[in-house]
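For the record, the sequence lines run as chains A and B.
For the first sequence, the tail end lands on 132 under numbering that gives the first Met the number 0, and the numbers increase by one without skipping.
For the second sequence, the tail end lands on 293 under numbering that gives the first Met the number 0, and the numbers increase by one without skipping.
First the structure, in the form of structure tokens, and then the observations on it.
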Amino acid sequence: MLTIDIVTPTKKLVEGLKADSIKLPGVKGQLEILTNHADLLTLLEPGVVSFVQDGRERKFAVSFGFAEVKNNKVTVMGETVEDSTQIDIPRAKAAQKKAEEALQNVLSEEHFKKHQLKLERAIIRQHIGSGQA
Amino acid sequence: MADLKEIKKRIGSVQNTRQITRAMKMVAAAKLRRSQEAIVNARPYAYRIYAILISLFQKEGIQHPLLVSRDEKKIRLVVLAGDRGLCGSFNANILKAAHNFIKAKEALGIEVSLDVIGKKANDYFKKRHPISTYHEGIIAKVSWGKVSKIADEILAAYQKEEFDAIYLVYNEFKSAIQQKITTERLIPVATEIPQGVQSMLTNMEAERFKDYIFEPSKEEILSEIIPRHFKMQLFRSILESIASEHGSRMSAMENATKNASEMISGLTLKYNKARQEKITGELMEIVGGVEAMR
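Structure, rendered in structure tokens:
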């Protein structure tokens, strides 16, 4: 059994929740953490954190963050983490459109990176918001 | 004999003022509770980020440019004050502390540039010291996104070596009636750990990174975590400053309400005395009149 905590700068989304496994969007690829996983500290990419709680899958959109696994305790530290049930799909769509427009004429490396990230995030949010991911 | 009507008018006006100060106190109390909650909510994240940073630095000895002190020639000071007054000496104290800090640094030949948050800080320094940036509308409605953006800007300027250190002066929230003015160096990150935190960390983190897997690597994790720690520090300080402001306003308004009540009872006493005097005077006149008619 794993114990899961999900914390953000503004609130604790999940605390002390029990689950058999958790999927994380690690920088080196998707990770699935099972019981007795080796201790780990990883950066997270924009993506989806998901686990099964009481037979129902719960999904969270993560923009950027860290995850630590230690003694079957998983802590996800994300700058912005959103529950899939709370995602505003029209807003995510609008954000996607805006990012796409911004990417039409790239001004600098920084500009590209920023909007690329925004685009990625908007797409992820739409996916998990509509239950596709 | 004081004019009865005059006294009555004054009682009325003090009563109105008391009503306002009482309402303001109530509003401040509600806002204080909410901002205290925000501080509590921010804590777990802040603590974990800090614990990882310290462990990586201390146990693993990983270095990073943001941890290394540069010779201070120019520094940036972030001043956190409020947008509004009527909160006791909250703004005055913090601005004085900031002012003294600037003077002390300048005496050492260090150039100080300012980032101000809060309208009162802007008003104060506008005439006294050049302000690099005034961040508006942060105190009224604080959000992670806004603070994050400010932190990115300041950090980017630091990395371009526009200044050699980032300091922050703010009101640390102790309790509803107590605030502590704190000056901190945010960047380079202080790697000497405060006493209280030290013992907590050594107990908890003694074996922390034994046989850990790091993805992608310790160095990369550290270089991502430091800017986030800085953001979180700034965010937390802003939350603390806001809570302090509400606390300070609450006690200021409570005092004002109390003073108004005292004034009202004083005035009422005066009013009653004057009224009694008037009645006595009238009675004397009637009695005197009756006596004369006999």
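Ideal Cβ placement from N, Cα and C applies to all residues, glycine included.
Computed from a predicted model, the values in this text were never measured in an experiment.
Listed along chain A, the residues sitting closer than 7 Å to B:I48 by beta-carbon distance are M76. Non-local beta-carbon contacts of B:V188 in its own chain, meaning distances under 8 Å to residues more than five positions away in sequence, involve L52, L65, L66, I225, H228 and F229 in chain order. Our two residues, B:V146 and A:L23, have alpha carbons roughly 27 Å apart in a direct line. With a cut-off of 8 Å on Cβ pairs, the segment 26–40 of chain B is not in contact with the segment 123–135 of chain B, counting fewer than three such pairs. CA-to-CA, the gap between A:A66 and B:Q177 works out to about 36 Å.
In this structure, the beta-carbon distance from B:N170 to B:I93 falls below 9 Å.
A residue is called buried once 16 or more other Cβ atoms fall within 10 Å of its Cβ, and B:M292, having fewer, is exposed. Listed in chain order, the non-local C-beta contacts of B:I241 below 7 Å within the same chain comprise S34, I138 and V141, local neighbours out to five positions each way being set aside. Taken in chain order, the whole alpha helix (DSSP H) runs of length 4 or more contained in the segment 6–86 of chain A number zero. At a cut-off of 9 Å, the C-beta of B:E223 has a neighbouring C-beta in chain A.
Cα atoms of A:I122 and A:V61: separation of roughly 12 Å, rounded to the nearest angstrom. With respect to the C-alpha of A:S129, the residue from A:F63, A:L118, A:Q103 and A:K92 having the closest C-alpha is A:K92. Spanning the alpha carbons of B:G60 and A:E100 requires a straight line of approximately 44 Å.
Note on B:I149: 16 or more other CB atoms within 10 angstroms of its CB, so buried under the neighbour-count rule. Counting along the chain, no beta strand (DSSP E) covers B:D210, and no H or E run does either.
At a cut-off of 9 Å between beta-carbon atoms, B:F172 makes no contact with chain A. Comparing C-alpha distances from A:I3 to each of A:E109, A:I32, A:H126 and A:K72 shows the shortest one belongs to A:K72. Check the Cα spacing between B:M25 and each of B:M231, B:E281, B:M252 and B:G87: the tightest is with B:M252. Neighbours of A:L39 in chain B, taken as residues whose beta carbon is under 9 Å from its own, are Y211, I212, F213 and E214 in chain order. B:S174 carries a strand assignment under DSSP once its states are collapsed to helix, strand and coil. If you draw a 10 Å sphere on the C-beta of A:K27, you find fewer than 16 other C-beta atoms in it, and that means exposed.
In this structure, the straight-line span from the alpha carbon of A:A37 to that of B:Y211 is close to 7 Å.
Within chain A, V6 and K11 have C-beta atoms less than 7 Å from the C-beta of B:P43, given in sequence order. Going by DSSP, B:R33 is part of the alpha helix (DSSP H) stretching over L3 to Q57. The C-beta of B:E253 comes no closer than 9 Å to any C-beta of chain A.
Cβ-Cβ distances below 6 Å link B:K173 to K179 in the same chain, with the five nearest sequence neighbours on each side left out; the list follows chain order. A Cβ-Cβ distance of about 6 Å is found for the pair B:I220 and A:L42, placing them in contact under the 8 Å criterion.
The C-beta distance from A:G25 to B:E214 rounds to 6 Å, short enough to fall under 8 Å.
B:V115 counts as buried, since at least 16 other C-beta atoms from the protein chains shown sit within 10 angstroms of its C-beta. For B:H134, the pairing in a beta bridge is given by DSSP as B:I116.
Assigned with DSSP and collapsed to three states, B:I109 falls in coil, not helix or strand. Between the C-alpha atoms of B:S88 and A:V47 there is a straight-line separation of about 48 Å. About 17 Å separates the Cβ atoms of A:L12 and A:D87, ruling out a contact at the 8 Å cut-off. A distance of 9 Å or more separates the beta carbons of B:K30 and B:D163. Taking a C-beta distance under 9 Å as the contact criterion, B:V78 and B:G117 qualify as a contact pair. Assigned with DSSP and collapsed to three states, B:L76 falls in strand.
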